[in-house]
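Residue numbers 1 to 145, in the UniProt record's numbering, belong to the letters of the sequence shown in order.
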Amino acid sequence: MSETTSITPTRPYMVRALYQWIEDNALTPYLMVDATAEEVQIPREHVQDGRIVLNIASRATGNMSMGNDYINFSARFGGVSQEIWVPLTAVLGIYAKENSQGMFFDPNEYDNYVPEEDSDVTVKTTPTTAPKPKRDNKAGLKVLK
């Protein structure tokens, strides 16, 4: 049983693969999230029945990062830009808006999983990481004669 607990969950890999497949087929990827899970940073006013469905299409998000522990991106809700943090343990499913093809995950997948404590990835992808400094908004084009 101890060998089973050290195997990495499939959820992060499946989410990334399905996201790519949905985008490659010019469909809209939706992510269903358990809004009651710990460390979820989402707009609470859009939660229904303890869940939120997020449009994670590349055209609807900015600075998308999909790691093994978190999905992080910025998106606009009601015209206001917000940072979204979703631990992979809170992801219930990913599917295409247009045809509902995708995958929903076993909620017990992470029950016996114990992540390695030495992992640098965990340190780099936590929501406590300082935000990147914004660059000056200067045009990068020059008129040449």
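Beta carbons: idealized from backbone N, C-alpha and C, even for Gly. For clarity, every value in this text was computed on a predicted model and none was experimentally measured.
Asp34: member of the beta strand (DSSP E) spanning Pro29 to Asp34, first to last residue.
In the DSSP assignment, Ile22 falls within the alpha helix (DSSP H) that extends over Arg11 to Asp24.
DSSP places Phe105 in no beta strand (DSSP E); its state is neither H nor E. In this chain, Asn68 is not harboured by any beta strand (DSSP E), its DSSP state being neither H nor E. Counted as a single uninterrupted DSSP element, the beta strand (DSSP E) harbouring Ile52 occupies residues Arg51 to Asn55. Here Leu88 is not near Met32, since their CB atoms are 8 Å or more apart. By the Cβ neighbour-count rule, Arg11 is buried, with 16 or more other Cβ atoms within 10 Å of its own.
One alpha carbon belongs to Val47, the other to Val53, and they sit about 8 Å apart. Measuring C-alpha to C-alpha distances from Glu39 to each of Ala57, Glu109 and Trp85 identifies Trp85 as the nearest. Put simply, the segment 101-108 does not touch the segment 59-68. Fewer than three CB pairs are less than 8 Å apart. The shortest CA-to-CA distance from Met64 to any of Glu116, Tyr19 and Asn112 is the one to Tyr19. In the structure shown, the three-state DSSP call for Glu45 is helix.
Phe77 is classed as exposed because its beta carbon has fewer than 16 other beta carbons within 10 Å across all chains shown.
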